[in-house]
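Please read the structure below before turning to the comments.
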Amino acid sequence: MTGFPLTVDPGYRVGGWTVEHPLGSGSFASVYAGRREAAEDRDDRGDHEDRGAPGDGTVPDRVALKFLPTGTCTPRGLRHLKDLVEREVELLSRLRAPRLIVLYETLTVDDPARPELDGATVLVLERAECSLHSLLAGPEPPADGPDLLVQICEGLHQLHDAGWVHGDLKPGNVLLMADGGVRLGDFSTAGELEGTHAYTPGFATPDYTPPELLWTETGARGIRIRPSSDIWAYGVLVHLVLTGTHPLPGGTAAARRDAAVRYARGDEDLRLSPALPEPWRRIVTDCLSRTHESRIPHDATVLLERVRQAAQGRLPRRPGRRRAAARGA
Numbered sequence: 001m002t003g004f005p006l007t008v009d010p011g012y013r014v015g016g017w018t019v020e021h022p023l024g025s026g027s028f029a030s031v032y033a034g035r036r037e038a039a040e041d042r043d044d045r046g047d048h049e050d051r052g053a054p055g056d057g058t059v060p061d062r063v064a065l066k067f068l069p070t071g072t073c074t075p076r077g078l079r080h081l082k083d084l085v086e087r088e089v090e091l092l093s094r095l096r097a098p099r100l101i102v103l104y105e106t107l108t109v110d111d112p113a114r115p116e117l118d119g120a121t122v123l124v125l126e127r128a129e130c131s132l133h134s135l136l137a138g139p140e141p142p143a144d145g146p147d148l149l150v151q152i153c154e155g156l157h158q159l160h161d162a163g164w165v166h167g168d169l170k171p172g173n174v175l176l177m178a179d180g181g182v183r184l185g186d187f188s189t190a191g192e193l194e195g196t197h198a199y200t201p202g203f204a205t206p207d208y209t210p211p212e213l214l215w216t217e218t219g220a221r222g223i224r225i226r227p228s229s230d231i232w233a234y235g236v237l238v239h240l241v242l243t244g245t246h247p248l249p250g251g252t253a254a255a256r257r258d259a260a261v262r263y264a265r266g267d268e269d270l271r272l273s274p275a276l277p278e279p280w281r282r283i284v285t286d287c288l289s290r291t292h293e294s295r296i297p298h299d300a301t302v303l304l305e306r307v308r309q310a311a312q313g314r315l316p317r318r319p320g321r322r323r324a325a326a327r328g329a
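The structure is reproduced here in structure tokens:
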């Protein structure tokens, strides 16, 4: 989490919603808590594209408002941001799944008096209590870690089964709801599969990026990614959630990135924590296989079965050679 790309004052109104307080930010967006305005108080400064408009009974009174400053960018920056916004809106408009965050509507701020806000895109989203990133900031690994990992894997399975790759699975993009449920969020770098691969703008976080993509050049359509990229990221998450540590050596993200490259060449080994129990150790080792090809047998369908078994304390089965070969590359 960094400084806010777009600062919005508490009390600011847009499209039937009032900004309350900041929830978080990333490189391209600022997220604020929002509440529904009473009808008589509405000051509509937003053009709507609804997916269940405020007041129709399908949208809660409290939401998350994700502001993207698409109205104040350079032409090149605007193209990048429009791509990120369109990816997220397209995925969330087409997919409704229990473990994916819900998009209620899309707004465009119409406020010439505030040039820094005028033209900004606002996504009205389901509001979470916090992110996995916040939870992992505590002194001990979460006690319900195995259950969280099952739900994260369910989200990954739902996403891959629908033909999409997340592209930036990390603790900040795993959202925890008030009822204890998990949602995957931030699909701005997601890509829809075209056969075996998809394309992403290439803004993934290095700590969760597989070695083969760390130094890949960005082509005209972005970086080519596969579902196995998310599997690698999931393996890192498992180790973090259960042990509080990274599975590769290094005290900084840059050091761990370099270790990942050495690991892919066979010059470095994983540094799995002794605190990682055996069923999960095998899962992490398979998710963090050195090459894309060696991760293919451990797709989200197979992985979900193993993760559920591990969470229940049963020793999971590894896929056999015949079963793995049948899935191909």
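Each residue of the sequence shown is one higher than the one before, starting from 1 at the first, in UniProt numbering.
The C-beta atom is built at its ideal place from N, Cα and C for all residues, glycine as well.
Cβ pair residue i, residue j closer than 8 Å
i	j	result
CYS243	ALA204	Note on identity: in this sequence residue 243 is Thr, with Cys being the wrong assignment. It is not a contact, given that the beta carbons lie outside the stated cut-off.
GLU207	ARG256	The displayed chain sequence assigns Asp, not Glu, to residue 207. For ASP207 and ARG256, yes; Cβs fall inside 8 Å.
residue 412	GLU129	What the structure shows of the chain is the stretch from 1 to 329, and residue 412 is not part of that stretch, so it cannot be assessed.
GLU176	SER131	Note that residue 176 corresponds to Leu in the displayed sequence, not to Glu. In this structure, SER131 lies closer than 8 Å to LEU176 by Cβ.
SER93	LEU81	no
LEU107	VAL14	yes
GLY11	VAL19	yes
ILE223	LEU214	no
VAL31	LEU149	no
Between the CA atoms of residue j and residue i - distance to the nearest angstrom
i	j	result
GLY145	VAL241	6 Å
PRO139	ARG99	27 Å
PRO141	GLN309	20 Å
PRO297	ASN173	25 Å
ALA311	LEU95	27 Å
GLY185	ASP161	17 Å
ARG36	LEU117	20 Å
PHE28	PRO69	8 Å
ASP9	PRO60	22 Å
ARG271	GLU293	22 Å
GLY182	ASP110	The sequence shown places Val at residue 182, not Gly. So the two alpha carbons sit approximately 33 Å from each other.
TYR199	ASP299	19 Å
PRO211	THR245	19 Å
GLU90	PRO201	15 Å
residue 342	GLY180	An answer regarding residue 342 cannot be provided, because it is not within the stretch 1 to 329 covered by the chain.
ARG87	ALA113	29 Å
ASP286	THR7	42 Å
GLN151	ASP258	30 Å
TRP280	GLY155	18 Å
PHE187	LEU159	11 Å
ARG261	SER289	The sequence shown places Val at residue 261, rather than the Arg named in the question. Taking the straight line from one Cα to the other gives about 12 Å.
PRO115	THR196	43 Å
ALA120	HIS157	32 Å
TYR263	THR58	48 Å
TRP17	HIS133	27 Å
GLU268	GLU278	21 Å
THR209	THR216	11 Å
LEU23	ASP147	24 Å
ILE225	ALA143	33 Å
ALA33	ALA137	21 Å
residue 330	ARG295	Since the first residue shown for the chain is 1 and the last is 329, residue 330 is missing from the structure and cannot be characterised.
ALA38	CYS153	39 Å
Residue range of the unbroken beta strand (DSSP E) whose run includes residue i
i	result
VAL174	174-176
VAL31	30-36
GLU129	Looking at the DSSP string, GLU129 is not in any beta strand (DSSP E), and its letter there is neither H nor E.
THR200	198-200
Extent of the continuous alpha helix (DSSP H) to which residue i belongs
i	result
ARG224	Where ARG224 is concerned, there is no enclosing alpha helix (DSSP H), although the beta strand (DSSP E) it sits in stretches over 223-225.
ALA254	253-265
ARG183	Taken as a continuous stretch (DSSP letters only), ARG183 belongs to no alpha helix (DSSP H), being part of the beta strand (DSSP E) at 182-184.
SER273	Here SER273 belongs to no alpha helix (DSSP H), and DSSP marks it neither H nor E.
GLU268	Segment: none, GLU268 is in no alpha helix (DSSP H) and carries neither H nor E.
GLU293	292-295
GLN309	300-311
For residue i, three-class secondary structure by DSSP
i	result
HIS21	strand
TYR12	coil
VAL150	helix
GLU90	helix
ALA64	strand
GLY191	strand
GLY244	coil
LEU169	coil
GLU217	coil
THR106	strand
THR285	helix
THR209	coil
THR121	strand
LEU100	strand
Problem - Segment contact, 8 Å Cβ cut-off, at least three pairs: the stretch 164-172 with the stretch 228-239 - result: When C-beta atoms of the stretch 164-172 are compared with those of the stretch 228-239, three or more pairs fall below 8 Å, so the two segments count as touching.
Handout entry: Touching by the beta-carbon criterion (3+ pairs, under 8 Å), the stretch 189-198 and the stretch 153-166
Key = Contact holds: three or more Cβ-Cβ distances are below 8 Å.
Practice task
Report yes or no: do three or more beta-carbon pairs, one from the stretch 58-70 and one from the stretch 114-126, lie closer than 8 Å?
Solution key: Segments in contact, yes.
Problem - Meets three-Cβ-pair contact criterion under 8 Å: the stretch 298-307 and the stretch 245-259 - result: No, the stretch 298-307 does not touch the stretch 245-259.
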